[in-house]
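Protein chains in written order, with the numbering used here: chain A, 303 to 544; chain L, 13 to 325. Heads up, the thing below is written out as structure tokens.
Next comes the structure, spelled out in structure tokens:
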């Protein structure tokens with residue numbers, strides 16, 4: 303059940319340039335890759351959404367890991383928290399990836415690698431063949447865990463060849479809009495299905511305020527869908543990019 | 013806990029039209045969806061009512077582009093009245109509200125007087141107990157704003173809605189005026205049973221950063237809400253209370269118990285909680301419980317007694 307959780311920070315660590323890993327101990331019982339949590343950041347009006355990058359269930363409690371990049375006041379607030387500090391978060395939010403037993407390519411651009419690390423772990427546990435490619439602007443921004451890391455250039459460079467070479471049957475992607483749009487177009491071109499995890503500024507994060515909607519073509523109808531509740535995962539071919 | 017202490021009666025003394033609420037805490041329009049979404053997070057029993065998302069005659073997709081923007085102490089929104097339309101509301105949402113026995117105010121908005129008249133008629137036909145009329149949404153380019161900002165047109169609009177709707181009629185006022193008193197009086201003489209105020213203030217969110225060798229910029233114009241608007245809301249509620257005899261439902265930045273007391277002193281008979289729901293989904297429930305606890309601890313027999321003590325003590 304979705305709930306307002308009070309967790310405790312188990313670990314907060316600077317893992318790359320302006321990039322942090324936070325592990326939260328709480329009684330959250332389940333989470334799927336691409337689902338997210340929405341954290342109350344001090345007195346900020348809007349909670350901040352973070353994709354879950356790992357989830358480890360213990361007997362009564364669990365450890366939820368998020369990765370975040372310093373972006374503004376919300377993330378600055380989080381960065382300054384210490385082990386043992388309380389975290390107020392709503393979870394587990396949104397719909398995760400629909401995992402299929404297909405040879406999978408995972409694309410994580412920048413901090414978009416977060417849900418891909420969780421997904422990779424799940425696919426490995428299910429013995430589903432997968433390949434994770436990530437991309438970062440600079441060497442000092444690299445977040446580890448990929449099968450291939452692109453530095454400087456675009457994560458999309460030579461990706462078509464990679465898809466063909468590895469006989470990829472399903473693409474999962476997360477990252478900036480420009481990358482997701484490219485994945486969407488490529489997936490249509492190659493007729494390879496894709497699942498894209500989107501990010502958008504949110505206020506309520508539970509589908510009420512309609513602040514984070516995007517337009518989709520579903521069932522031959524153009525309609526608004528909220529990234530927080532109906533997403534954050536949408537299928538290649540259905541998104542109308544603004 | 014004795015929640016019956018919080019029973020709130022909003023009554024138009026002239027017509028005896030009355031709305032009875034379990035508690036004076038109401039979820040504000042636009043922050044509660046169609047009133048079903050929060051069921052995961054809170055016990056709705058402690059809410060006096062929930063005001064629905066603004067409903068128009070036809071369904072609306074709302075605005076394109078950025079819809080929300082955070083500012084110090086609040087946020088700006090330009091959702092653009094996205095909603096399912098009255099027909100779908102009656103067909104899909106109303107049965108759920110009835111089944112779950114959720115008390116609600118139907119919030120309506122229109123582009124023309126005829127829109128409002130039709131909406132009022134449909135509300136009447138479906139025995140909707142309370143109607144909250146949005147005459148002040150600053151997001152829609154045509155219509156809404158003008159009705160709410162001119163006493164003559166507001167009087168005419170209210171009277172026409174009144175003709176088609178006999179239930180409890182609440183007119184929600186805009187703060188984007190230099191004369192809130194005249195507007196409140198116009199709504200009252202047009203036949204409103206109650207005023208709710210304030211809707212969002214017009215605002216502009218600006219984000220500008222110098223990155224690389226150029227300015228990256230963004231501007232979002234819309235309605236400002238959140239704790240930063242509280243002093244304006246208190247002022248407006250006070251002005252309205254001094255101008256009309258009908259009850260006033262206050263809103264604008266309410267997020268804690270002391271805010272409720274402040275608004276009672278300014279003239280509130282009930283409250284709506286909006287933006288604070290985004291920070292804390294359980295805020296309405298916890299405010300009702302805190303209020304109840306305070307009253308029990310300090311021997312205030314009921315909500316009327318508490319109001320009396322604040323106003324006359």
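Using N, Cα and C, we set each Cβ at its ideal position, and we do this for glycine too. Bear in mind the structure is a predicted one, so any value in this text is a computation, not a measurement.
Pair within 7 Å by beta-carbon distance, residue i and residue j
i	j	result
residue 158(L)	residue 182(L)	no
residue 184(L)	residue 146(L)	yes
residue 187(L)	residue 87(L)	no
residue 418(A)	residue 434(A)	yes
residue 127(L)	residue 69(L)	yes
residue 389(A)	residue 309(A)	yes
residue 351(A)	residue 370(A)	no
residue 493(A)	residue 319(A)	no
residue 295(L)	residue 264(L)	no
residue 478(A)	residue 500(A)	no
residue 90(L)	residue 215(L)	no
residue 530(A)	residue 507(A)	yes
residue 1(L)	residue 33(L)	This structure cannot speak to residue 1(L), because chain L is shown only from 13 to 325.
Distance, residue j Cα to residue i Cα
i	j	result
residue 329(L)	residue 438(A)	Past the edges of chain L, shown from 13 to 325, lies residue 329(L), and the structure says nothing about it.
residue 304(A)	residue 308(L)	32 Å
residue 196(L)	residue 252(L)	6 Å
residue 150(L)	residue 272(L)	Residue placement at residue 150(L) is flagged as unreliable, the pLDDT there being 45, under the threshold of 50; a coordinate-derived value is accordingly withheld.
residue 153(L)	residue 523(A)	Residue placement at residue 153(L) cannot be trusted, given a pLDDT of 42 that sits under 50; the coordinates are not used to answer.
residue 290(L)	residue 490(A)	37 Å
residue 310(L)	residue 297(L)	20 Å
residue 469(A)	residue 223(L)	40 Å
residue 25(L)	residue 257(L)	8 Å
residue 317(A)	residue 160(L)	54 Å
residue 322(A)	residue 199(L)	54 Å
residue 238(L)	residue 537(A)	35 Å
residue 485(A)	residue 394(A)	26 Å
residue 129(L)	residue 63(L)	19 Å
residue 502(A)	residue 374(A)	15 Å
residue 50(L)	residue 343(A)	21 Å
residue 315(A)	residue 382(A)	11 Å
Cut-off 8 Å between Cβ atoms - residues of its own chain near residue i, not counting five sequence neighbours on either side
i	result
residue 254(L)	193, 279
residue 67(L)	95, 96, 97, 98, 101, 118, 119, 120, 121, 131
residue 428(A)	401, 403
residue 156(L)	Annotation note: pLDDT 49 at residue 156(L) (below 50); position unreliable, coordinate value reported separately. Counting only Cβ-Cβ distances below 8 Å, and skipping sequence neighbours, we find 121, 122, 123, 146, 147, 148, 149, 150.
residue 109(L)	46, 47, 48, 116
residue 378(A)	372
residue 54(L)	293, 294, 296, 297
Contacts of residue i in chain A (Cβ-Cβ under 8 Å)
i	result
residue 87(L)	347, 348, 505
residue 80(L)	348, 503, 504, 505, 511, 513, 514
residue 235(L)	Here the premise fails: no neighbours, minimum Cβ distance about 12 Å.
residue 302(L)	Per Cβ cutoff of 8 Å: no residues; residue 302(L) is ~16 Å from chain A at best.
residue 238(L)	347
Within chain A, partners of residue i - CB distance below 9 Å
i	result
residue 91(L)	511, 512, 513, 515
residue 42(L)	510, 511, 512
residue 294(L)	306
residue 49(L)	506, 508, 509, 510, 531
residue 94(L)	512, 515, 526
residue 45(L)	506, 508, 509, 510, 511, 512
Nonlocal neighbours in the same chain, by C-beta distance under 6 Å from residue i, ignoring five residues either side
i	result
residue 505(A)	348, 511, 513
residue 313(L)	none
residue 78(L)	232
residue 424(A)	335
residue 273(A)	Not covered by the structure: residue 273(A). The range shown for chain A is 303 to 544.
Beta-carbon proximity list for residue i, same chain, < 7 Å, skipping 5 on both sides
i	result
residue 35(L)	15, 18, 20, 58, 59, 60, 300
residue 201(L)	167
residue 106(L)	138
residue 483(A)	543
Partner residues on chain L for residue i, Cβ-Cβ distance less than 8 Å
i	result
residue 443(A)	In chain order: nothing, as chain L lies at least about 16 Å away.
residue 597(A)	Here chain A comprises residues numbered 303 to 544, so residue 597(A) is not present and cannot be evaluated.
Contact belief for residue i with residue j at Cβ below 8 Å, rounded distance in angstroms
i	j	result
residue 365(A)	residue 392(A)	Contact doesn't hold; Cβ gap of about 18 Å is too wide.
residue 266(L)	residue 322(L)	Not quite, the Cβ-Cβ distance comes to about 15 Å (not below 8 Å), so this is no contact.
residue 245(L)	residue 210(L)	5 Å
residue 421(A)	residue 335(A)	4 Å
residue 416(A)	residue 368(A)	7 Å
residue 324(A)	residue 372(A)	Residue 324(A) to residue 372(A), Cβ: 13 Å. No contact.
residue 43(L)	residue 287(L)	6 Å
residue 37(L)	residue 285(L)	6 Å
residue 329(A)	residue 362(A)	7 Å
Under 9 Å by beta carbon: chain L residues contacting residue i
i	result
residue 342(A)	291, 292
Partner residues on chain A for residue i, Cβ-Cβ distance less than 7 Å
i	result
residue 6(L)	Outside the shown range of chain L, which is 13 to 325, sits residue 6(L), and nothing can be said about it.
residue 73(L)	526
residue 287(L)	347
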